[in-house]
DNA sequence: TTTAGTACCTTGTATTGCATAGTATATGAT
DNA sequence: ATCATATACTATGCAATACAAGGTACTAAA
């Protein structure tokens, strides 16, 4: 049952962080959801579809992303997402927010030497 | 309205992280809520009462914390929280979880140098 | 025709941080 | 004595988000 608590905490700690990672990944080039999931997995960040799709829709509705359809020779068409100018600005703020959080946590937990 | 989005993200990013910070703070000695809030503020981590009190109760119910009442000469009695043995073990796992997350985010966002 | 693989979408749930409001104790000013 | 202020703890309702589970649809190979 302790494992369950840690697993829950892992999910909680991802909140807000995933959107930062996704915008950052898209800042280096357009990508479609399955590709994004793959990139995240390479960074040992598990994101499932039920999380990613609503998140991408939200970011698009916020004007941070746009998308276009592109045919695939090996299945259904892919939805390629692209970072907008507003998205780029927001990414800059997210980066600052994340780094401030890391600095704060390091200080609060006494790991501010490095 | 962009400011509101960032403020929301800041709140989201705290999820799961606050319990780690609190357990860590208590690992260096017992403390009562107002004192914890003060310590967090020094690390530039804003935590309000409506967040902290339910959180402490939850951690106590999980067996990670215990508490004792102590009289104060300048107001109502204080509830001093203390980290239990189980809490100490859990803190170790939280520390690992947090560091893995930071490493993952650094990699996903391309800041894995250093 | 069926099976497998790829890709996208939707709904409901649980957790958690926050806003807001409230209760109670001790001290100091009127 | 009474009222205001500061300290300290508690309770309720809301909003946001990651996840589980299930579903639709297109392509290619058996």
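Chains as they are written, first to last, in the working numbering: chain H, 2 to 115; chain V, 2 to 115.
Glycine included, C-beta positions come from ideal geometry on N, C-alpha and C.
Use the C-beta contact count for residue 47 (chain H): other C-beta atoms within 10 angstroms, 16 or more gives buried, fewer gives exposed. exposed
Beta-carbon spacing of residue 53 (chain H), residue 34 (chain H) below 8 Å: yes
Using a Cβ-Cβ cut-off of less than 9 Å, give me the residues of the region 35-56 of chain H that come near chain V, in sequence order. 40, 41, 43, 44, 45 and 46
Taking the alpha helix (DSSP H) that residue 25 (chain H) falls in, what are its first and last residues? 18-27
Mind checking residue 87 (chain V): buried by the 16 CB within 10 Å criterion, or exposed? exposed
The region 4-17 of chain H contacting the region 13-30 of chain V, beta-carbon criterion three pairs below 8 Å: yes
Cβ distance (whole Å) where residue 80 (chain V) is taken to contact residue 70 (chain V) below 8 Å: Yes, residue 80 (chain V) and residue 70 (chain V) are in contact; Cβ-Cβ is about 6 Å, under 8 Å.
If you drop the 5 nearest sequence neighbours on each side, which residues of the same chain put their C-beta closer than 7 Å to that of residue 7 (chain V)? none
Could you give the first and the last residue of the continuous alpha helix (DSSP H) run that contains residue 40 (chain V)? For residue 40 (chain V), the enclosing alpha helix (DSSP H) begins and ends at 34-43.
Hey, would you say residue 92 (chain V) sits closer than 8 Å to residue 28 (chain V), going by beta carbons? yes
Please work out which residues of its chain come closer than 7 Å, Cβ to Cβ, to residue 1 (chain V), disregarding the five sequence neighbours upstream and downstream, and give them in chain order. Because chain V in this structure spans residues 2 to 115, residue 1 (chain V) falls outside the shown range and cannot be described.
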